[in-house]
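Asks: Sending over a structure as structure tokens; questions will come in a sec.
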Amino acid sequence: MSASRHKSIQRQLLRGRPFCVALLFFLFVHAGGALGQEPPGRPAAVAPSGQEHSHSEGVTSLEDLLAEAERNNPQIEAARQGWQAAKQVPSQVSTLPDPEFTLQQLNVGSPRPFAGFTNSDFAYIGIGVSQDIPYPGKLRLKGEMAKRDADLTREQYESMRRSVLDGVKTVYFQLAYLSKTLAILESDGQLLGQVEKAADARYRSGMGNQQDLLQAQVEQTKLLREINMHHLEVAKAQAQLKQLLNRSQSSPDIEPADLPETPLSHTFDELLAATTAQNPDISGARETVEKQKDQVDLAHKDFYPDFNAQFMWQRTDPTQFRAYYVLSVGATVPIYRSRKQRPELAEAEANLNRAHSEEESQTQRVAFELRTAFDTAEKTGELLTIYHDGLLPQTRAEFQAGLAAYQNNRQDFQALLASFLDVLHLDEEYWQGIAERETALAQIEQLTGLSLRQEGAKR
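Just so you know, numbering that gives the first Met the number 0 puts 345 at position 346 of the sequence shown, and the rest follows in order with no gaps.
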């Protein structure tokens, strides 16, 4: 329902009861269905109230929004670029340091460059090169550690991608639920119109009292409040979804499709195995453990010296002396082991133990979240069956029977109103249950990396 239409409803409701009755009659004709009709079957597109909405135009599928978020979301793009940057590091740290070239010129008796050959036999020109050479294995370990960092950044990118897509799914299902409950409020407003007509007829015949009529009108106003509150929630959800999609907040609103009922054909053990193998948080914790193992190996190698090789060519007076060739090799000897290398090794081993504990913590956390989402999806599915096959048709039948009894002066107004509120609340709870179940399945997809909706579509 458009905002202008709801404003019209609000004006008419507040003008008085005759307009409320006329409005409800208009909604009844507009809905095109008999009141109190039970839902035929259990397709997701059919509301328990019997109200159906056409979404043939302007509906945006969840798959299209997920693809758009993956293309345009800045958080995903930032994480992707961070991964691309990290992949450039391993070759840098596993390569020898750049060599250093040296030019020497010694003069005797004159400060002018290259003037010494005429003044002294000791003057010379020298050209040399030096190269630092780490202890064998150090560069390889540094490269492996950088590769582990790149792999960890890749898992962080995947975690961010899944988190954003899960957010899109959650908000999308919330929008679909709000759209459906708005239809429920409209449809159940028609039932309330019947209650008001019955209260008005009894009041006019002298068998009822004005309080029943006024209470029915109060419930009409409460429905109007619920509709306005739903519009506020829709506005918040629209803003959040546009943020995730990187759309302008002034862009047209997104109309969701009807809430699906995605089957869950996997056991918990199957989902847990997929999570252990594919969850990016667990994989990232494993990469951290492997990196810390390399760090321990590197700390062991720091107990050994690094080397430096230098080669120098020197030329004095070429008419009297031959050229000199100087080769020298140096080493940095770790003589302060108790204050440098041993604390470094102890630090690396402590970080390795911490990484093992964090890996176990991540595994337990993810398993807990999976268990919670799985139980939510499973138990909510059972509740939906109870709602659809029992509570919803029973409460509607009770309401229709109570309405007939009230019209024949065989039931009081409070019992009739209570049965109407049962219909209203159970309708909302049913669709809220579907939204909660789909949200739980979205979290399972985030944790496991599986595509449950695609699998359900194939089946």
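We put the beta carbon where it would ideally sit given N, CA and C, even for glycine.
Note the first and the last residue of the continuous alpha helix (DSSP H) segment covering A298.
Replies: 279–300
Asks: In this structure, what does DSSP give as the bridge partners for L105?
Replies: Y123
Asks: Cα separation between K221 and D388?
Replies: 28 Å
Asks: When you compare the stretch 172–183 with the stretch 225–240, are there three or more beta-carbon pairs, one atom per stretch, that lie closer than 8 Å?
Replies: yes
Asks: Suppose you measure from the CA of S162 to the CA of D426; what does that come to, to the nearest Å?
Replies: Computed Cα separation, rounded: 31 Å.
Asks: Thinking E286 and D150 are a contact (beta carbons under 8 Å), I'd like their distance in whole angstroms, please.
Replies: Indeed, because the Cβ distance is near 5 Å, the residues count as touching under 8 Å.
Asks: I need the boundaries of the alpha helix (DSSP H) containing D374, first residue and last residue.
Replies: 340–385
Asks: On the CB-based measure, 16 or more other CB atoms within 10 Å of its CB, does D370 come out buried or exposed?
Replies: The sequence as given places Arg at residue 370; Asp does not occur at that position. Classification of R370: exposed, given that the 10 Å Cβ count is below 16.
Asks: Compute the beta-carbon to beta-carbon distance between Q431 and D165, rounded to the nearest angstrom, for a pair I have assumed lies under 8 Å.
Replies: Wrong, their Cβ atoms sit about 19 Å apart, outside the cutoff.
Asks: Assuming N245 is part of the beta strand (DSSP E), what are its boundary residues?
Replies: No beta strand (DSSP E) holds N245; DSSP gives it neither H nor E.
Asks: What does a CB cutoff of less than 8 Å around Q103 pick up in its chain, not counting 5 residues either side in sequence?
Replies: Y123, I124, G125, I126, G127, M311, Q313
Asks: Please state whether the Cβ-Cβ distance between G401 and L415 is less than 7 Å.
Replies: yes
Asks: Quick one: does the C-beta of Q319 sit closer than 6 Å to a heavy atom of the ligand NAD?
Replies: The model on display carries no ligand, and the ligand NAD is accordingly not part of it.
Asks: For my contact list, K146 and K300 are in at a C-beta cut-off of 8 Å; report their separation, rounded to the angstrom.
Replies: Incorrect: roughly 18 Å between the Cβ atoms, too far for contact.
Asks: Do S360 and E154 come within 7 Å of each other at the CB atom, strictly closer than that value?
Replies: no
Asks: Between E69, E444, T447, F419, which has its C-alpha nearest E218's C-alpha?
Replies: With distances taken between Cα atoms, E218 lies closest to F419.
Asks: How should P98 be labelled, buried or exposed, when 16 other C-beta atoms within 10 angstroms of its C-beta is the threshold for buried?
Replies: exposed
Asks: Could you compute how far the alpha carbon of S60 sits from the alpha carbon of P259?
Replies: 11 Å
Asks: Tell me, please, whether the stretch 292–306 touches the stretch 325–338 by the rule of three or more beta-carbon pairs shorter than 8 Å.
Replies: yes
Asks: Let's see if you can read the secondary structure: which residues bound the alpha helix (DSSP H) around R70?
Replies: 61–71
Asks: Could you pull the DSSP bridge partners for L307 from this structure?
Replies: The amino acid occupying residue 307 in the given sequence is Asn; Leu does not appear at that position. D131, G329.
Asks: What would DSSP say about E427, mapped onto helix, strand or coil?
Replies: helix
Asks: What's the call for A417, buried or exposed, on a 16-neighbour Cβ count within 10 Å?
Replies: exposed
Asks: What number of angstroms, rounded off, separates the C-alpha of A368 from the C-alpha of L223?
Replies: In the sequence as displayed, the identity of residue 368 is Glu instead of Ala. Roughly 38 Å separates the two Cα atoms.
Asks: Output needed for A354: all residues of its chain with C-beta closer than 6 Å, excluding positions within five of it in sequence on either side, in chain order.
Replies: T287, V288, Q291
Asks: Quick one: what's F100 bridged to in DSSP?
Replies: V128
Asks: Where does P255 fall in DSSP's three states?
Replies: strand
Asks: Could you name the residues that DSSP lists as bridge partners for Q313?
Replies: G125, Y323
Asks: Closer than 8 Å by C-beta to A236: which residues in its own chain qualify, once you throw out the five before and the five after it? Chain order, please.
Replies: V170, Q173, L174, L177
Asks: Near A439, which residues of its chain fall below 6 Å by C-beta distance, leaving aside the five closest residues on each side in sequence?
Replies: A372, T375, A376
Asks: Is the CB-CB distance between N278 and L446 below 7 Å?
Replies: yes
Asks: Cβ atoms of D148 and A68: under 7 Å apart, would you say?
Replies: no
Asks: Less than 7 Å between the beta carbons of V58 and A256, yes or no?
Replies: yes
Asks: From what residue to what residue does the alpha helix (DSSP H) around P112 run?
Replies: Taken as a continuous stretch (DSSP letters only), P112 belongs to no alpha helix (DSSP H), as it is neither H nor E.
Asks: Which residues in the same chain have their Cβ closer than 6 Å to the Cβ of E444, if we skip the five residues on either side of it in sequence?
Replies: Once the five neighbours on either side are set aside, the close Cβ partners of E444 are L451.
Asks: In whole angstroms, what separates the C-alpha of I183 from that of S356?
Replies: The alpha-carbon atoms of I183 and S356 are separated by roughly 50 Å.
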